[in-house]
Ligand SMILES: Nc1nc2c(ncn2[C@@H]2O[C@H](COP(=O)(O)OP(=O)(O)O)[C@@H](O)[C@H]2O)c(=O)[nH]1
Ligand SMILES: [Mg+2]
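Numbering (this note's numbering), first residue to last: 15 to 222.
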């Protein structure tokens, strides 16, 4: 398991492109009381670029309907109330995993960075778009989700975030997920409305 010098645990968001990882990353940071984002972008070679945004600007720059908007791993320091104090941790946003090996070199190297981060992390939040399960879109559930589930559930603290529950059709998608991944903990959330954030906070807090 990877630890920083200061023993901070790492919590990684993974999943297909466009499922709402970055929306969750920023809105959850905001939910935990962050208003100024100090973000570190880390590329596959481990080079780090530091940027500071307000949450609103970060949303404008980083959330997109275009897949692979960000190709680096992006991290932010957060803290969660536990017992009588706070426990700090790093939340990491990844750019998205897809089936197979892409022709695009940037996408390949960003997937490499994500898989590397997966191996080094303590807590894994696997984001799935519950609204697109019965569709055929880039964000629809596929083989890579089964692979993430199989690899992660045995390895570390792992849960599935069934996202976009504010949209029509997501209830049916959530039911399917509960059947398909019956032995995993699944939290229904909406990255935009904040539904389920309390449960995610408790899950992360339990595993810090
Ligand atoms: N309705 C709805 N849309 C969402 C939700 N989460 C993300 N989106 C939208 O889905 C698209 C992709 O979001 P983004 O956070 O960039 O996904 P990422 O590629 O997984 O990081 C954007 O248009 C978001 O506004 C959600 O909970 N509900
Ligand atoms: Mg993103």
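Don't be surprised by glycine CBs; every beta carbon is placed ideally from N, CA and C.
Taken atom to atom, the span from the alpha-carbon of residue 162 to that of residue 133 is near 11 Å. The secondary-structure analysis by DSSP pairs residue 141 across a beta bridge with 29 and 175. In the DSSP assignment, residue 92 falls within the unbroken beta strand (DSSP E) covering 87 to 96. DSSP places residue 161 within a helical segment (H, G or I) once states are collapsed to three. Note that the region 96 to 106 does not touch the region 118 to 127; fewer than 3 beta-carbon pairs, one per stretch, sit closer than 8 Å. Residue environment: residue 193 is assigned as exposed (fewer than 16 neighbouring CB atoms within 10 Å of its CB, all protein chains considered).
Leaving aside the five residues that flank residue 48 on each side, the residues in its chain whose CB is nearer than 8 Å to its CB run, in chain order, 69, 90 and 92. Judged by DSSP secondary structure, residue 44 falls within the alpha helix (DSSP H) whose first and last residues are 35 to 45. Taking C-beta atoms as the reference points, residue 145 and residue 174 fail to come closer than 8 Å. Of the other Cβ atoms in all chains shown, 16 or more fall within 10 Å of the Cβ of residue 143; this residue is therefore buried.
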